[in-house]
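Just so we're aligned: 127 in full-length UniProt numbering is position 127 of the sequence shown, and the numbers increase by one with no gaps anywhere.
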Amino acid sequence: MFHELRRDERAIEGLPVRLLIAFVVGVATLGVLLQTVSGVGTLATTELDVKPTPDVVAPGEQTLALSVVDASGNGVAGATVLVKSGTARLDGTVVARTNESGVATVAVAPALGANQADGTLTVSVKPPAGGEYVDRRGNTRILVVRGYGG
């Protein structure tokens, strides 16, 4: 009987291919699982938002209070807030840092073009260093309206 098996050269068809497929699928699954486990820390980030007060202003010198809040509405201290020209013009970028209650105060002097009735100022926030905060979504824009008396 052993003599007959020694001369049999047929082997099991498809076995190496099946083993290779099982190995590749196993390695891919292990890679996905390890990425999920190592990426758990990045899933725990909180999006920040900036709430300007007032959010509608007239052209000219203004003082704005910019509240930086997390998803729960709590103020975030130590965030850097930037106000830039949008469709309304500013002379440069205005930068401020939030206080312990999450509020930054900035002085801006927006201007509109000669035939422009309204425009916007864009606000962005750089989260405090070492925190779990991010700012990936757009923030509230400040509307500048000619003749606004608000």
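Every residue, glycine too, gets a C-beta built ideally from N, C-alpha and C.
| query | result |
| --- | --- |
| Please report the distance separating the alpha-carbon of N139 from that of L30. | 39 Å |
| Note down, one range per segment and in chain order, each beta strand (DSSP E) of at least 3 residues found wholly within the segment 75-118. | 80-85, 94-97 and 103-108 |
| Can you check which of these residues, V37, V57, V32 and L33, is closest to G119 by C-alpha distance? | V57 |
| Kindly list the residues whose CB is nearer than 7 Å to the CB of A71, restricted to its own chain and excluding five residues on each side of it in sequence; keep chain order. | T46 and E47 |
| So with Cβ pairs under 7 Å, would you call R137 a contact of chain D? | No chain D appears in the structure shown, which is made up of a single protein chain. |
| Report the residue from T53, V81, A114 and A79 whose alpha carbon sits nearest the alpha carbon of R89. | A114 |
| Grab the span of the beta strand (DSSP E) containing P52 for me, first residue to last. | D49 to T53 |
| Report, in whole angstroms, the separation of the C-beta atoms of L64 and P52, which I expect to be a contact under 8 Å. | 5 Å |
| Contact check, P54 vs R146 under 8 Å by CB: the rounded distance? | Not quite, the Cβ-Cβ distance comes to about 16 Å (not below 8 Å), so this is no contact. |
| Please list the terminal residues of the continuous beta strand (DSSP E) segment that includes residue 235. | Residue 235 falls outside the range modelled here, since the chain spans only 1 to 150, and no answer is possible. |
| Using a Cβ-Cβ cutoff of less than 8 Å, which residues in the same chain neighbour A77 once the five nearest sequence positions on both sides are dropped? | T98, N99, E100, S101, G102 and P128 |
| Between G92 and L143, what straight-line distance do the alpha-carbon atoms span, to the nearest angstrom? | 18 Å |
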